[in-house]
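Respectively, the protein sequence lines represent chains A and B. UniProt numbering numbers the first residue of the first sequence as 1 and each following residue consecutively. UniProt numbering numbers the first residue of the second sequence as 1 and each following residue consecutively. Beta carbons: idealized from backbone N, C-alpha and C, even for Gly.
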Amino acid sequence: MSVFWSEVHEYLPFLLSGAEVTLQLSFISMAGGMILGFLTATGRLSGSRLIRWPLEAYVEIWRDTPLIVQLLLIYFSLPELGIILPAFWAGALGLTLNLSAYLSEVYRAAIQAVDEGQKSAAISLGMSPLQIYRRLIIPQAFVASLPTQGGYFIALLKDCSLVSFISVNELLRHATIVISNTFDSMNTYLMVALIYFIMSFTSARCVSWLERKLTPSRHTKGGVANVMPEAVEGITP
Amino acid sequence: MTTAAPVLTLQQVYKSYGSHAVLRGVDLTVLQGEALFIIGPSGGGKSTLLRCINFLERPEAGSITFLNQKLCQHYRSHFEIAPEKQLRQARARMPMVFQQFNLFSHQTTLENVMEALLTVKKLHKDQAVILARHALDRVQMLQKQNNYPHQLSGGQKQRVAIARALAMEPPVILFDEPTSALDPELVSGVQSIIRDLSAQGLTLLTVTHDQAFVQSTAHKVCFYADGHIVESGPPEQIYNTPRTERVRQFVHSVSARHH
Ligand SMILES: Nc1ncnc2c1ncn2[C@@H]1O[C@H](COP(=O)(O)OP(=O)(O)OP(=O)(O)O)[C@@H](O)[C@H]1O
Ligand SMILES: [Mg+2]
């Protein structure tokens, strides 16, 4: 029997504590990415070119450079400018900013896909643009983009493994440590894969459940995924 | 009808899309309690006219007076449109019912009807529920108050859309082809509701291609073509003794289609 399995009572909890960090990082980055992505989308759809143009540049920059480079820059190069972040928060910041760029595109497409007829009806009843945005557009766009957002969350869970490069003690980094002790990469990585699978699979189920709960129509499927075919590719560089 | 006050007056209203002049000087007066119907050939700009009246589209010239308020006018050779806030208040008092219903798809029937009561009229929720239920009852849709739009038939959707407008207790409702998207067997139900509302004194401005509906409901008919009102009068005049050749031809062609 391999060392990994004979000492599994020691190594498995260690791996799981890494998985816990991965989950923390994912939830924090997802929440941050959603908020920032929503603000970015709203800004880009607002009239002013002065707001729109820098946001477009922001989105392009984060989407057109590899995530790993972004993480390395934040962790190793920001300190040169006097901004020193602990590894965990550097990772969370990098993932948040990167994700916000992608999510802002998802939200923008979903917001633009809201039915014009319903907007006209709201206007014709005397609702203000802000009321229409809050009460009609955001609720519909959010639900329509749920499947795509879920896809990004799962991609994010897996992309968290990249922050092991900046020494965040998450799942993959713990795996590396286990392997240096056991020299059993095969079983360790299989266990890591299994843990990732369980986390991703559970998340996917949760998203479907949420989607079913929030969508009044059980027949409309896909939502914004149809509008934006490139959307579910994930944020992996 | 006794001499009623005008609710809505349009004078020389213009609207174009790019180089395509759609409305080319529309004059129109809708009186209190009147059921005014606009008929005319397809693609002429009847929807555009209704959309300009409640400023879903911005007219480019002319004046629109609604309940003694100028919503747009010429002032010292400037064309002015009232501030957005005033337009919103006016819209809430002349809501529009659309061909495609346009119910809010994420809300139940009751929530659809309550929405503008809460956000525009800023009523308390309890009061909004009461008024919304009352409006749904008037269109016989109370039993569907907790259903979502996708669970309703076309006729039911349109009745909810009418309730949504009615709940605002508006002096006038604009209807843009309210039964054109309905299956034939659902048309008469919706039309009879509109007829009942008119009988109860509601002022309506309706665009339709259904001549039987016009003849059964209208107090006054305006024939619209080529960017303006060509002829208007009581339905008997328009359908039996039209004064212009244009209307004679139109009436002839639509009656030929139906027989
Ligand atoms: N947003 C728009 N942009 C450009 N052109 C438009 C727009 N809306 C309408 N038009 C054009 O204006 C003209 C009038 O359209 P409108 O929908 O008002 O006609 P209508 O009389 O209601 O027709 P129908 O009887 O078929 O409903 C058409 O030629 C249409 O193509
Ligand atoms: Mg039309």
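* Asked: So is residue 36 of chain A in contact with chain B if we call contact Cβ pairs under 8 Å?
  -> no
* To do: Would you kindly work out how many angstroms separate the C-alpha atoms of residue 144 of chain A and residue 34 of chain A, rounded to a whole number?
  => In this model, residue 144 of chain A and residue 34 of chain A are separated by some 15 Å (Cα to Cα).
* Is it buried or exposed for residue 235 of chain B, if we count other Cβ within 10 angstroms and need 16 for buried? -> buried
* Asked: Closest to residue 133 of chain B by CA distance: which of B:13, B:79, B:163 is it?
  -> B:163
* Examine chain B for any beta-carbon lying closer than 8 Å to the beta-carbon of residue 149 of chain A, and answer yes or no. => So no, residue 149 of chain A is outside the interface.
* **Listed by chain order, chain B residues near residue 131 of chain A by CB distance under 7 Å** => Counting only Cβ-Cβ distances below 7 Å, residue 131 of chain A has contacts in chain B at 119, in chain order.
* To do: Give a yes or no on whether 8 Å exceeds the smallest Cβ distance from residue 166 of chain B to chain A.
  => no
* What does the shell around ligand 1 hold, if a residue joins when its beta-carbon is under 5 Å from any heavy atom? -> B:17, B:22, B:42, B:43, B:44, B:45, B:46, B:47, B:48
* Under 9 Å Cβ-Cβ, which residues of chain A neighbour residue 146 of chain B? -> Annotation: residue 146 of chain B has no Cβ neighbours in chain A at a cutoff of 9 Å; minimum Cβ distance is about 11 Å.
* Asked: CB of residue 126 of chain B to nearest heavy atom of ligand 2: below 7 Å?
  -> no
* To do: Take the Cβ of residue 127 of chain A as the centre, count every other Cβ of all protein chains shown within 10 Å, and call the residue buried at 16 or more, exposed below.
  => buried
* Any chance the CB of residue 57 of chain B is under 7 Å from a heavy atom of ligand 2? -> no
* To do: Look at the Cβ atom of residue 40 of chain A, then the Cβ atom of residue 11 of chain A, and state whether they are nearer than 8 Å.
  => no
* How about the stretch 32-42 of chain B and the stretch 195-209 of chain B: do they share at least three Cβ pairs that are nearer than 8 Å? -> yes
* Asked: Beta-carbon of residue 47 of chain A versus every beta-carbon of chain B: anything under 8 Å?
  -> Proximity of residue 47 of chain A to chain B, defined by a Cβ-Cβ separation below 8 Å, is not satisfied.
* Asked: Is it the case that the Cβ atoms of residue 91 of chain A and residue 25 of chain A are separated by a distance below 8 Å?
  -> yes
* Asked: Taking only beta-carbon atoms, is residue 145 of chain A less than 8 Å away from chain B?
  -> Residue 145 of chain A does not count as touching chain B.
* Got a sec? Which residues, its chain only, sit under 8 Å from residue 262 of chain B by beta carbon, not counting five neighbours each side? -> No statement about residue 262 of chain B is possible, as the shown extent of chain B runs from 1 to 259 and does not include it.
* Given that residue 104 of chain B touches chain A, what residues does it touch there, using C-beta distances under 7 Å? -> 118, 136
* To do: Return no unless some Cβ of chain A is closer than 8 Å to the Cβ of residue 150 of chain B.
  => yes
* Once you ignore the five residues that flank residue 221 of chain A on each side, which residues in its own chain have a CB closer than 6 Å to its CB? -> Unreliable positioning characterises residue 221 of chain A in this predicted model, as indicated by a pLDDT of 40, which lies under 50. The coordinate reading is nonetheless provided below. Cβ within range, chain order: n/a, list empty.
* **Cβ-based contacts, 9 Å cut-off: residues of the stretch 179-193 of chain B near chain A** => Closer than 9 Å at the C-beta level to chain A, one finds no residue of the stretch 179-193 of chain B.
* Best match in A:111, A:194, A:149 for proximity to residue 133 of chain A [C-alpha to C-alpha] -> A:111
* Asked: How do the stretch 184-196 of chain B and the stretch 115-125 of chain B stand: do at least 3 beta-carbon pairs fall below 8 Å, yes or no?
  -> no
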